[in-house]
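Chemist:
Residue numbers (my numbering): 444 to 556.
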């Protein structure tokens, strides 16, 4: 149910923005609608005002959803996303990726190297 997922994301976002800066947003929420961690990632051609810590709009997003029962895994996944995104040049390469396969390849290459 998309409306319930959006409501859970908005509720979490109301606590504190998940815009971490440098044009990156990591919206995340726990919801009974999923039974395992789910991640969607991508870019937007027009940056979105995301109330980020640095005030910059976001154009690179990693959306994480998880069940209430996976709180530890949820936190670990958030940490891993944050660590991966700190690799020099990765965010710019992700923004330039021409398609989903190239986007995923950039992430895999950054973790392998």
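For each residue, glycine too, the CB sits at the ideal point set by N, CA and C.
Let me check you understand the geometry: is the CB of residue 531 closer than 7 Å to at least one non-hydrogen atom of the ligand FMN?
Modeler: Questions concerning the ligand FMN fall outside what the structure shown contains, since it holds no ligand whatsoever.
Chemist: Starting from residue 571, follow the alpha helix (DSSP H) in both directions and report where the run begins and ends.
Modeler: Past the boundaries of the shown model lies residue 571; the chain is included only from 444 to 556, so the question cannot be answered.
Chemist: Less than 8 Å between the C-beta atoms of residue 521 and residue 553, yes or no?
Modeler: No, Cβ-Cβ distance for residue 521 and residue 553 is not below 8 Å.
Chemist: I think residue 546 touches residue 501, with their Cβ atoms under 8 Å apart; what is that distance to the nearest whole Å?
Modeler: Between residue 501 and residue 546 the Cβ distance is about 16 Å, and since that is not below 8 Å, they are no contact.
Chemist: If you measure between the beta carbons of residue 503 and residue 466, is that distance less than 8 Å?
Modeler: Yes; because the gap between Cβ atoms is below 8 Å, this pair is in contact.
Chemist: Which residues does DSSP pair with residue 503 in a beta bridge?
Modeler: Answer is 467, 486, bridged to residue 503.
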